[in-house]
Structure formats: C-alpha cells, structure tokens
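In the UniProt record's numbering, the protein residues as written are 1 to 151.
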C-alpha cells in the first residue's frame with residue numbers, strides 16, 4: 001500500500017510540476033512576442049539609417065502638402081542627421097521606433113518617429129513623427145499617413 005501511495009504522490013507532483021513549467025514558459029513567451037527589442041549599433045546599421053532618412057523625408061513631404069493647401073503650421077523642413085536610438089517590434093510587418101537627430105536652420109533637434117515596414121508588400125509607412133520632448137501620441141505629418149511602395 002505504501003508503494004502505491006508513493007507512486008500516486010509522485011505522479012501528482014510530477015503533473016503539477018509539468019503544468020507549472022508549461023504555464024511559466026508560455027507566459028514568458030507571450031511577453032517576448034510583439035515586445036520591443038533594442039537595435040544595437042544603430043549608427044552603423046544602414047537599414048535603420050535609411051528608415052530615419054525616410055521618416056524625415058515623409059515629414060518634409062507632409063509639410064510641403066500642408067503649405068500647398070495654404071496651411072502653415074509654423075514648422076520648417078528638416079535635414080536628416082542620424083538615427084541615434086532604435087527599437088523594433090514584430091507586428092504585421094516590422095515596426096521601428098526611431099530617435100532621430102535632425103537640423104533646421106543649423107539647430108539640432110531630436111525627434112521620435114514610428115515607421116512600419118512590410119517587406120512582402122514592398123511598403124513603408126510613417127505612423128508618427130514629433131519632437132522628442134513632445135508627449136503627444138498623434139501623427140504630426142498628416143492625418144492619414146501615406147504608404148510608400150519601394151520599387
């Protein structure tokens with residue numbers, strides 16, 4: 001009887017252990033999927049720098065469109081300097097969170113931008129572009145970001 005009880009207790013303990021490990025591993029995986037990850041050495045990363053340049057070009061294009069529609073928001077076109085920090089996140093495509101250094105009239109400023117890349121559609125889309133000191137979460141380019149197709 002004692003050996004049967006021992007086997008039963010061990011089976012229950014093993015079942016609890018396996019269940020606990022399963023729950024813990026799925027919880028840690030859930031945090032990783034869709035989580036942001038730092039991109040190392042962004043200044044040497046050509047793709048990230050090109051995305052930063054793209055973000056500034058799209059921002060400038062948005063300003064140009066506003067001015068063509070006689071809307072002056074007081075902002076000036078920027079000259080891209082470099083992406084200084086970047087994170088990426090797997091979404092339907094890849095979402096990049098970029099901290100960009102840019103200049104206008106010789107003054108350096110930092111900007112936060114978000115760009116989504118969908119390689120299978122050959123597209124890039126600027127979702128957000130604003131001064132880094134700004135706490136706004138809305139897009140400062142246009143209300144409806146344009147999807148740019150790569151050739």
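No residue lacks a Cβ here, since even glycine has one placed at the ideal position from N, Cα and C.
Which full runs of the beta strand (DSSP E) of 3+ residues lie inside the UniProt domain "Cystatin" (31 to 132), going along the chain?
Listed in chain order, they are 36 to 38, 79 to 91, 93 to 104, 107 to 118, 123 to 131.
For residue 34, which option in 110, 17, 87 has the closest C-alpha, if you only look at C-alpha atoms?
Closest option to residue 34, Cα to Cα, is 87.
Below 8 Å, how does it come out for the stretch 51 to 60 and the stretch 108 to 117: are there three or more Cβ pairs, yes or no?
Yes, they touch.
Do residue 60 and residue 77 come within 8 Å of each other at the CB atom, strictly closer than that value?
In this structure, residue 60 lies closer than 8 Å to residue 77 by Cβ.
On the CB-based measure, 16 or more other CB atoms within 10 Å of its CB, does residue 51 come out buried or exposed?
Residue 51 should be labelled buried.
Taking residue 85 and residue 42 to be in contact with their CB atoms under 8 Å, please state how far apart those CB atoms are, rounded to whole angstroms.
That belief holds up - the Cβ atoms of residue 85 and residue 42 are roughly 6 Å apart, short of 8 Å.
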